[in-house]
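Chemist: Going line by line, the protein sequences match chains Y and A. Residues 3 to 262, numbered by the working numbering, are exactly what the first sequence covers, in order. Residues 3 to 262, numbered by the working numbering, are exactly what the second sequence covers, in order. From the three backbone atoms N, C-alpha and C, an ideal C-beta is built for every residue, glycine too. Dumping the structure here so I can ask a few things about it.
Number of protein chains: 2
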Amino acid sequence: MQLAIIKIGGNIIDDEAKLAAFLDGFAAVPGKKILVHGGGKLATKVAAALGVGQQLVDGRRITDTETLKIVTMVYAGTINKNLVAQLQARGCDAIGLTGADGNSIRAHKRVHPEIEYGWVGDVDSIDAAFLTGLLLLNKTPVFAPITHDTRGQLLNTNADTIAQELARGLGRSFDVSLVYSFEKSGVLLDTNDEDSVIPRIGPAYYEELKRKQAIFAGMIPKLDNAFTALRSGVRKVIIGRAEELPRLLDGKAGTTIVND
Amino acid sequence: MQLAIIKIGGNIIDDEAKLAAFLDGFAAVPGKKILVHGGGKLATKVAAALGVGQQLVDGRRITDTETLKIVTMVYAGTINKNLVAQLQARGCDAIGLTGADGNSIRAHKRVHPEIEYGWVGDVDSIDAAFLTGLLLLNKTPVFAPITHDTRGQLLNTNADTIAQELARGLGRSFDVSLVYSFEKSGVLLDTNDEDSVIPRIGPAYYEELKRKQAIFAGMIPKLDNAFTALRSGVRKVIIGRAEELPRLLDGKAGTTIVND
């Protein structure tokens with residue numbers, strides 16, 4: 003059975019028109035699907051309004067206790083429930099989840115030799131049986147980027163990682179397409195030219211692109227993650243523009259990354 | 003099959019020690035169960051910190067657009083996810099829901115001839131099949147007091163009403179005990195004497211108590227609702243102290259309201 007796992011970035015959530023176009027496309031995707039959303043700027047705005055200072059290290063938010071309260075409110079409350087309600091309005095029977103809900107994603111607090119990330123979680127495992135049960139009830143899980151340690155602690159967790167772990171964990175039972183949708187058309191040969199999308203990348207071509215330094219350096223971690231996912235049972239990884247979702251899944255837009 | 007539907011009030015949520023005692027008891031309840039929680043003072047605190055004014059009419063919060071954002075954050079985000087994580091830590095496989103999640107509780111915006119309540123929902127129906135599916139997956143639904151109108155609008159909804167509608171809707175498939183747990187020992191003959199709990203109230207005795215004005219007037223709507231629930235298929239309604247939950251269900255504490 004096919005399953006599409008689709009991650010949308012915070013830039014899409016922050017843009018009402020792009021988000022509406024994405025949700026139209028997402029609701030129209032036939033069959034089983036899961037949405038994973040990032041955070042967006044709302045958490046930063048709410049933190050500022052509440053006078054909670056924000057600290058970033060290497061682009062990652064340091065999640066102190068007050069920040070965890072804010073991301074839990076904003077990601078699992080505001081953003082998740084509004085996405086669910088908007089999908090319901092489009093006839094998509096969405097159910098919002100964090101990793102604590104149904105014990106669906108178990109994680110542990112990140113341990114790092116130099117950086118104290120705070121309440122940030124690294125994923126240990128997902129409950130594939132429970133998620134399969136929801137999918138068979140014809141529900142569409144919508145994940146906020148929050149997990150738990152099974153001992154009562156919520157943990158702020160990277161949405162790309164959640165999408166990848168879900169894809170890996172469900173790849174044993176489903177034919178999984180993992181989609182990273184964002185504000186670009188795909189993997190570009192020329193980062194300033196949205197028409198330079200590379201339609202298909204396999205391992206050999208990827209090595210060649212890296213050797214020639216033909217792709218934007220910021221793309222390399224995303225592509226490395228994509229190949230890791232492919233090696234652990236995911237059928238294909240697709241990177242492309244959120245508003246073009248149905249065409250991404252049909253291979254008519256974006257970049258499809260495959261293992262052959 | 004037996005099902006316990008338990009509502010906890012905001013006063014319990016606001017009290018860390020009482021909440022921990024309640025959650026210990028809730029996790030220990032054997033078999034199928036559902037938790038419905040109210041709001042508590044956190045929404046008021048967050049609204050004040052964000053500079054959003056609050057309006058109350060007849061003890062009900064008027065839910066303007068900014069207030070709806072706050073209750074969604076606080077009820078469905080902070081409170082719901084912390085309850086879920088704390089139940090998971092106690093071995094109870096909780097899953098947090100609003101009425102939008104899985105389209106589980108459909109409502110409409112309240113229409114009132116004189117008062118504009120704002121984004122407040124009155125419940126139309128619950129999805130008993132979906133909730134039964136979750137219960138059969140051995141999950142424990144935890145409801146935040148938020149529903150939706152199926153057209154994209156979230157609605158602030160009274161938690162007592164949600165508990166009652168769940169009890170009615172699930173009363174066809176389950177042998178439902180509906181518990182309103184709060185900071186009092188039960189229905190009291192003397193409102194200042196916690197030892198004056200009436201252990202059992204049937205319809206005839208209730209009429210007698212009302213005629214003699216022997217019970218606190220504030221209890222009457224709760225009891226009227228209890229008898230309405232009993233007439234629509236709920237087996238028993240129990241009112242009592244949140245920390246005594248297992249004893250309430252065993253009939254060893256609190257007031258049990260029955261239809262005979």
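Using a Cβ-Cβ cut-off of 8 Å, state whether glutamine 56 of chain Y counts as contacting chain A.
Modeler: no
Chemist: What residues from the region 138 to 158 of chain A come within 8 Å of chain Y, judged by C-beta to C-beta, listed N to C?
Modeler: For the region 138 to 158 of chain A, which is checked against every Cβ of chain Y, the residues closer than 8 Å are Leu139, Lys141, Ile148, His150, Thr152, Arg153, Gly154, Gln155 and Leu156.
Chemist: Along chain Y, which residues have their Cβ under 7 Å away from the Cβ of glycine 98 of chain A?
Modeler: Chain-ordered, the chain Y residues with CB closer than 7 Å to the CB of glycine 98 of chain A read Asp103.
Chemist: Give me the Cα-Cα distance between leucine 250 of chain A and glutamate 167 of chain Y, rounded to the nearest whole angstrom.
Modeler: 42 Å
Chemist: Quick check on this structure: which residue in A:Ile203, A:Val38 and A:Asp151 has the alpha carbon closest to the alpha carbon of asparagine 105 of chain A?
Modeler: A:Asp151
Chemist: Any residues in the region 68 to 89 of chain A with a beta carbon nearer than 8 Å to a beta carbon of chain Y? Which ones, in chain order?
Modeler: Here the close residues are Lys71, Thr74, Met75, Val76, Tyr77, Ala78, Gly79, Thr80, Asn82, Lys83, Asn84, Val86, Ala87 and Gln88.
Chemist: Helix, strand or coil for glycine 101 of chain Y per DSSP?
Modeler: coil
Chemist: At a CB-CB cut-off below 7 Å, which residues of chain A make contact with glycine 135 of chain Y?
Modeler: Leu139
Chemist: Please report how far the alpha carbon of serine 234 of chain Y lies from the alpha carbon of arginine 174 of chain Y, in whole angstroms.
Modeler: 9 Å
Chemist: Got a sec, what are the start and stop residues for the alpha helix (DSSP H) aspartate 192 of chain A sits in?
Modeler: First-last for aspartate 192 of chain A: undefined, no H or E at that position.
Chemist: Determine which residues share a DSSP beta bridge with arginine 243 of chain A and list them.
Modeler: In the DSSP output, where bridge partners are listed per residue, arginine 243 of chain A has A:Phe184.
Chemist: Could you please give the first and the last residue of the uninterrupted alpha helix (DSSP H) stretch that includes arginine 213 of chain A?
Modeler: 205 to 213
Chemist: Quick one: grab the DSSP three-state call for lysine 34 of chain A.
Modeler: strand
Chemist: Give me the residue from Y:Val48, Y:Leu137, Y:Val144 and Y:Gly33 with the minimum Cα distance to asparagine 82 of chain Y.
Modeler: Y:Val144
Chemist: Hey, threonine 46 of chain A and tryptophan 121 of chain A are a contact pair by Cβ (cut 8 Å); roughly how many whole angstroms apart?
Modeler: Actually they do not touch by this definition, with Cβ atoms about 17 Å apart.
Chemist: State buried or exposed for glycine 33 of chain Y, treating a residue as buried only when at least 16 other CB atoms are found within 10 Å of its CB.
Modeler: exposed
Chemist: Give the single residue among Y:Asp252, Y:Lys254, Y:Glu245 and Y:Thr230 whose Cα lies nearest to the Cα of asparagine 261 of chain Y.
Modeler: Y:Thr230
Chemist: Spell out whether any CB of chain Y is found under 8 Å from the CB atom of alanine 51 of chain A.
Modeler: yes
Chemist: In angstroms, rounded to a whole number, what distance separates the CA positions of histidine 110 of chain Y and glycine 11 of chain Y?
Modeler: 23 Å
Chemist: To which residues of the same chain is aspartate 95 of chain Y closer than 7 Å at the C-beta, ignoring the five residues directly before and after it?
Modeler: Asn140, Lys141 and Thr142
Chemist: What did DSSP end up calling threonine 257 of chain A once you bin it into helix, strand or coil?
Modeler: If DSSP states are grouped into helix, strand and coil, threonine 257 of chain A belongs with the strands.
Chemist: With a threshold of 8 Å between beta carbons, is aspartate 26 of chain A in contact with chain D?
Modeler: Of the protein chains in this structure, namely Y and A, none is chain D.
Chemist: Please confirm if alanine 91 of chain A has its CB atom under 8 Å from at least one CB of chain Y.
Modeler: yes
Chemist: Closest by CA to asparagine 227 of chain A, which one among A:Ala216, A:Pro205 and A:Arg213?
Modeler: A:Pro205
Chemist: Using DSSP's beta-bridge definition, name the partner residues of phenylalanine 145 of chain Y.
Modeler: Y:Val38 and Y:Leu99
Chemist: Can you pull the chain Y residues whose beta carbon is under 8 Å from the beta carbon of phenylalanine 132 of chain A, in chain order?
Modeler: Leu139 and Lys141
Chemist: Output needed for phenylalanine 132 of chain Y: all residues of its chain with C-beta closer than 7 Å, excluding positions within five of it in sequence on either side, in chain order.
Modeler: Gly104 and Ser106
Chemist: Helix, strand or coil: how does DSSP classify asparagine 158 of chain A here?
Modeler: strand
Chemist: What residue does the alpha helix (DSSP H) around glutamine 88 of chain A start on, and which one ends it?
Modeler: 82 to 91
Chemist: Do the CB positions of isoleucine 8 of chain A and glycine 42 of chain A come within less than 8 Å of each other?
Modeler: no
Chemist: Contact criterion: CB-CB distance below 8 Å. Does aspartate 16 of chain A meet it with respect to chain Y?
Modeler: At a cut-off of 8 Å, the C-beta of aspartate 16 of chain A has no neighbouring C-beta in chain Y.
Chemist: Closest to glycine 220 of chain A by CA distance: which of A:Leu191, A:Arg237, A:His114 and A:Glu245 is it?
Modeler: The candidate whose alpha carbon is nearest that of glycine 220 of chain A is A:Leu191.
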